[in-house]
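**Student:** I'd like to ask you about the structure that follows.
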Amino acid sequence: MQRLLESFIRTLRAAEIPVSMAEAIDAHQVLDRIGYADRELVKNALGITLAKTVNEKKRFSESFDVFFSRLQFTKNMENGSQTIENAQSISTGSDLADKVLAHDRTGLIVLMEVAARQAGIEDIQFVTQVSLFTRRLLDLMGLAEMEGVISSANRELLAGGKALAATLEIERIRLYATARDYVERQFFLHSRYSSEQLRNKFLQNRPFAAIDRRDFDLMNRIIRRMARRLSSRYSYKQKLVQRGNLDVNRTIRKNMAYNGVIFETVWKKKKIDKPKFLAVCDVSRSVAAAANFFLLFLYNLNGIVSDMRSFAFSSYLLEISRELKVNSAVEFIPNVLEKIGFMSTDYGQALSDLKEQFGQLIDRRTTVFILGDARSNNSDPRLDIMRWINQRASRVVWLNPEPQTFWGTGDSEMLRYRPYCDVSMPCRTIKQLERVIDETLRSTKRP
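Taken in order, the sequence shown gives residues 52 to 498; the numbers are from the working numbering.
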């Protein structure tokens, strides 16, 4: 039964239900206490132990029903089969044929389970592999020997003759259908999300400019999951930082009433300056392909940090912080692009607007994100303002959707802006975006 539970846990992980080692141990301990006799009790107990969110509970229920229903796969093998006098006493020399004739459902279950492990059914990834794994499973169960018995019985070389051959032929057809159904169940259990996972992985490493509009919703889900991961890491870090060292003197005083026995501890409280974030996003024509995803990133980044101001610009700067808070992603992005998107770019004017209208927001606690290609149509790039931002801010992070080999070519001012950035990196994919933001949130103070 331990092996069965381990296989079920692997199934849950394949269904994108994260099961930690501690949770797996808890599941083993739960089943040690309640046993396997009551199906509903087992399902409820494991559901409480292993599934956390509403979506995970739904997937858990589906996986449990399919996984544990497989033990019923031979229930129809008896129905309608031809009977042979003394069939159970006939020895054909084939273990599979003998079990079929004896209607040994338990023996067939064990035989198929063992063959499935040998065939590596859990490695199935594509629906096109179902027929291959079905034949491999049946061969390991001994189908070839059973087919030999059918051939011999047809030639009257075995007791039962043609009647035996006819019965075994019917059961062979049913056995094939049962095995195929079993393999399809395994595909459902282990690979139903693999195509989505492969698609996600593909999109995470695909340049923004090459992503189709039809994949926008999927990209939104990918970025949202990325934001949740970063949020959980970042929040945990903040909790760790907030508690200082043990205040020994105050702890001793507080526990004098207990004759010096330490019942209560007092910790030194250190005031921590929470980091602030200011994001400036280019939505001009030159970054049209990446603008949607930059805004989508800003929308989800807004859910990670509590103190963030956001701006978009083409030829001038516009604050979009309120739109981030009151609109959904589907409404937010078209609204911003309609107001200010796809115009000619003027980085100098945008930086000037930022300093004149919102310069007071930038101080030693502020991390400034700039998302854009630094192509300013040969206008004044206002390097003096970039220097000013660099001197005031905690960190300046520039994410450029162009390959680094394009920096400084044509009207690109990236190489001139770069000295005033603490981090300047190409950011053409979701994977690169997550890595940069993760590193930035991990260290929000300039060394």
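Glycine is no exception: its CB is placed at the ideal position from the N, C-alpha and C atoms.
Please report the straight-line C-alpha distance between Leu-56 and Asn-296, rounded to a whole angstrom.
**Tutor:** 43 Å
**Student:** If you count every other CB in all the chains shown that lies within 10 Å of the CB of Arg-41, and 16 or more means buried, which is it?
**Tutor:** With the chain running from 52 to 498 in the structure shown, residue 41 is simply not present.
**Student:** Quick one: what's Pro-477 bridged to in DSSP?
**Tutor:** Asn-451
**Student:** Along the chain, where does the alpha helix (DSSP H) that runs through Ile-201 open and close?
**Tutor:** 194–205
**Student:** Kindly identify the DSSP beta-bridge partner or partners of Ala-363.
**Tutor:** Cys-332 and Leu-369
**Student:** Run through the DSSP bridge pairs and tell me what Val-32 is partnered with.
**Tutor:** As displayed, the chain neither begins before 52 nor continues past 498, which places residue 32 out of reach and without an answer.
**Student:** Less than 6 Å between C-beta atoms, sequence neighbours within five positions excluded: which residues of the same chain meet that for Val-448?
**Tutor:** Excluding residues within five positions, the ones whose Cβ falls inside 6 Å are Phe-420, Val-474 and Thr-491.
**Student:** Would you identify the three-state DSSP class for Asn-271, choosing helix, strand or coil?
**Tutor:** helix
**Student:** Could you name the residues that DSSP lists as bridge partners for Trp-458?
**Tutor:** Its beta-bridge partners do not exist; DSSP assigns none.
**Student:** In this structure, how does DSSP classify Asn-106 when only helix, strand and coil are distinguished?
**Tutor:** helix
**Student:** Considering only their Cβ atoms, is the gap separating Leu-352 from Ala-330 smaller than 8 Å?
**Tutor:** A Cβ-Cβ contact shorter than 8 Å links Ala-330 with Leu-352.
**Student:** Under a Cβ-count criterion, where at least 16 other Cβ atoms within 10 Å of its own Cβ denotes burial, should Asn-127 be classed as buried or exposed?
**Tutor:** With a pLDDT of 49 at Asn-127, under the threshold of 50, the modelled position of that residue is not reliable, and the figure given next carries that caveat. Looking at its Cβ environment, which holds fewer than 16 other Cβ atoms inside 10 Å, Asn-127 is exposed.
**Student:** Helix, strand or coil: how does DSSP classify Leu-297 here?
**Tutor:** strand
**Student:** Is DSSP giving Arg-231 helix, strand or coil here?
**Tutor:** helix
**Student:** Can you list, in chain order, the residues of its chain whose CB lies under 6 Å from that of Leu-162, leaving out five sequence neighbours each side?
**Tutor:** Met-192
**Student:** Would you kindly work out how many angstroms separate the C-alpha atoms of Ser-463 and Asp-424, rounded to a whole number?
**Tutor:** 7 Å
**Student:** Straight-line CA distance for Phe-393 to Cys-478?
**Tutor:** 20 Å
**Student:** If you follow the alpha helix (DSSP H) that Thr-143 is part of, which residue opens it and which one closes it?
**Tutor:** No alpha helix (DSSP H) holds Thr-143; DSSP gives it neither H nor E.
**Student:** Can you tell me whether Gln-237 is buried or exposed? The criterion is at least 16 other CB atoms within 10 Å of its CB, across all chains shown.
**Tutor:** buried
**Student:** Pull up the distance between the alpha-carbon of Thr-125 and that of Thr-62, whole angstroms please.
**Tutor:** Confidence at Thr-125 is low in this model, with a pLDDT of 46, below 50, so the placement of that residue should be treated as unreliable; the coordinate-derived value is given next. Taking the straight line joining both Cα atoms gives about 22 Å.
**Student:** Would you mind stating whether Ala-340 and Ala-260 have Cβ atoms separated by less than 8 Å?
**Tutor:** Note that the C-beta distance between Ala-340 and Ala-260 is below 8 Å.
**Student:** Does DSSP put Ser-112 in a helix, in a strand, or in coil?
**Tutor:** helix
**Student:** Is the beta carbon of Val-234 closer than 8 Å to that of Val-200?
**Tutor:** no
**Student:** So, under 8 Å CB-CB, Ala-216 and Ala-204 are touching, yes? Tell me the CB distance rounded to an integer number of Å.
**Tutor:** Right, their Cβ atoms sit about 4 Å apart.
**Student:** In whole angstroms, what is the alpha-carbon distance linking Ser-365 and Arg-250?
**Tutor:** Looking at the two C-alpha atoms, the distance is approximately 32 Å.
**Student:** Name the DSSP bridge partner or partners of Ser-182?
**Tutor:** Note: Ser-182 sits in no beta bridge, so no partner.
**Student:** Counting pairs of beta carbons, one from the region 358–373 and one from the region 452–462, are three or more of them closer than 8 Å?
**Tutor:** no
**Student:** Reducing DSSP to helix, strand and coil, say where Ser-337 ends up.
**Tutor:** helix
**Student:** By the DSSP assignment, the alpha helix (DSSP H) with Ala-170 in it spans what residues?
**Tutor:** 156–170
**Student:** Could you round the C-beta distance between Ile-384 and Asn-343 to whole angstroms and report it? I think they count as a contact, below 8 Å.
**Tutor:** 6 Å
**Student:** Just tell me which of Lys-109, Asp-155, Val-165 and Ala-148 has its CA closest to the CA of Ser-202.
**Tutor:** Ala-148
**Student:** With a threshold of 16 other CB atoms inside 10 Å of the CB of Gly-399, please say whether the residue is buried or exposed.
**Tutor:** buried
**Student:** Return helix, strand or coil for Ser-71, following the three-state DSSP convention.
**Tutor:** Reduced to three states, the DSSP call for Ser-71 is coil.
**Student:** I need the straight-line Cα distance from Gly-131 to Gln-80, nearest angstrom please.
**Tutor:** In this prediction, Gly-131 has a pLDDT of 41, which is less than 50 and means its spatial position is unreliable; nothing more can be read from the coordinates.
**Student:** Nearest-angstrom Cα distance between Leu-254 and Ile-481?
**Tutor:** Rounded to whole angstroms, Leu-254 to Ile-481 spans 8 Å at the Cα level.
**Student:** Nearest-angstrom Cα distance between Ala-65 and Leu-240?
**Tutor:** 7 Å
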